[in-house]
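Novice: One structure is given below, represented as structure tokens, and several questions about it will come after.
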Amino acid sequence: MPTTRSSRPSPASFATSPNPSPEEPDVSLTLHTHPFSSNGQKAQLMLDIVGLDYAVREVPFEAERADWHVAVNPMGGIPALVDGDFHLAESNTILCYLADREGREDLYPRDPKERATIDWILDLWALVVRPALFPYEAAQYGIVLGLGAFAKDAAVEAEVQEKFDHAVPKLNQAMQVLDPVGPWACLGHHTIADIAATPVLHRLVHAPVDLSQVPRLQAWAEACLATPEWQALIPTCGVPKR
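The sequence shown runs 2 to 243 under this note's numbering.
So, in structure tokens, the structure goes:
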């Protein structure tokens, strides 16, 4: 099964076989993901930022999840991380784990108030922002739950903008939690709160929507997308573009 030992996977690192080998690659870290998964992309971004080598195994969106993946994450979600004999799922949890594993207190401080601020934004992103954005994402990328992106034709641009317009009030409300000075989410520097948002912010910037309606989100996106690790990851992570 194709894998990579580099901290930045090549396109060939994603398996194309529908029946991959049940054995994990012979490396310490293996990420189970899909090239179009924004949650998988943020885990890849984190691995690159902390400079770790890792292998990648592709988990198909549309197929019933294979036994080798369910053995790592019984819920079948993407991504999941294998670190030797330790298994972990849920993308934000993976970001927290990798920051602690590598001693990156700049990305995820140990100070309880600073850490809690980041945790709040991670929850806000997962529980408020992403649900508000899902109708737009489904229209823009033809997403069907259980089948993934491009399962149907993308909606016309006017419909995509309309779906985004419905999310604007909720997005502006959520942005009040972020540092008002910016451009980063909090603490005045790049943290896992920014890493968690980067793939979806990238999609927003490349979508036919008027981001100026949410100026704090627009400024945040510009900062996150300019990081060198994200710029390097874009060509190989399968970020969908219209």
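We put the beta carbon where it would ideally sit given N, CA and C, even for glycine.
A quick note: this is a predicted structure, and the numbers were derived from the prediction, not measured.
1) Please specify which runs of the beta strand (DSSP E), each continuous and at least 3 residues long, are wholly inside the stretch 45-71, giving them in chain order.
2) For the putative contact between Val51 and Glu103, defined by C-beta atoms under 8 Å, what is the C-beta separation to the nearest angstrom?
3) Just how far apart, CA to CA, sit Leu226 and Pro75?
4) Report the partner residues of His88 according to the DSSP bridge assignment.
5) DSSP three-state label for His33, please.
6) Just the Cα atoms here: how many angstroms apart are Pro23 and Trp69?
7) Does the count of Cβ pairs from the stretch 130-139 and the stretch 179-189 closer than 8 Å reach three?
8) Check whether the Cβ atoms of Tyr109 and Ile119 lie closer than 8 Å to each other.
9) Does the stretch 212-219 come close enough to the stretch 41-57 to have 3 or more Cβ pairs within less than 8 Å?
10) Quick check on the DSSP output: the alpha helix (DSSP H) that includes Thr192 runs from which residue to which?
11) Do you know whose CA, among Glu223, Ala208, His203, lies nearest Leu234's CA?
12) What does the Cβ neighbour count give for His35, buried or exposed, with the cut at 16 atoms within 10 Å?
13) Hey, could you find the ends of the alpha helix (DSSP H) Arg217 is sitting in?
14) Quick one: what does DSSP say Pro181 is sitting in, helix, strand or coil?
15) So what's Ser38 in DSSP terms, helix, strand or just coil?
Specialist: Looking at the coordinates:
1) 56-59
2) For the purposes of this step, residue 51 is identified with residue 50 of the sequence shown, where counting begins at 1. For the purposes of this step, residue 103 is identified with residue 102 of the sequence shown, where counting begins at 1. Indeed, because the Cβ distance is near 4 Å, the residues count as touching under 8 Å.
3) Here residue 226 corresponds to residue number 225 of the sequence shown, with the count starting at 1. Here residue 75 corresponds to residue number 74 of the sequence shown, with the count starting at 1. Looking at the two C-alpha atoms, the distance is approximately 33 Å.
4) For this step, residue 88 is matched to residue 87 along the sequence shown. Looking at the DSSP assignment, His88 forms a beta bridge with Val83.
5) Within the sequence shown, residue 33 is the residue found at index 32, counting from 1. Of the three classes helix, strand and coil, the one that applies to His33 here is strand, per DSSP.
6) Mapped onto the sequence shown, residue 23 falls at position 22. Mapped onto the sequence shown, residue 69 falls at position 68. For Pro23, the predicted model reports a pLDDT of 44, less than 50, meaning its position is unreliable and no value from the coordinates is stated.
7) no
8) Numbered from 1 along the sequence shown, position 108 holds the residue referred to as residue 109. Numbered from 1 along the sequence shown, position 118 holds the residue referred to as residue 119. Going by C-beta atoms, Tyr109 is nearer than 8 Å to Ile119.
9) no
10) Start at 1 with the first residue of the sequence shown, and residue 192 comes out as number 191. Careful: Thr192 lies outside any alpha helix (DSSP H) and carries neither H nor E.
11) For the purposes of this step, residue 234 is taken as residue 233 along the sequence shown, with counting starting at 1. Nearest C-alpha to Leu234: His203.
12) Locating residue 35 in the sequence shown gives position 34, where the first residue counts as 1. Counting Cβ neighbours within 10 Å, His35 comes out buried, since at least 16 surround it.
13) Position 216 of the sequence shown holds residue 217. Unbroken alpha helix (DSSP H) run through Arg217: 216-226.
14) Position 180 of the sequence shown, counting from 1, holds the residue named residue 181. Three-state result, Pro181: coil.
15) Mapped onto the sequence shown, residue 38 falls at position 37. If DSSP states are grouped into helix, strand and coil, Ser38 belongs with coil.
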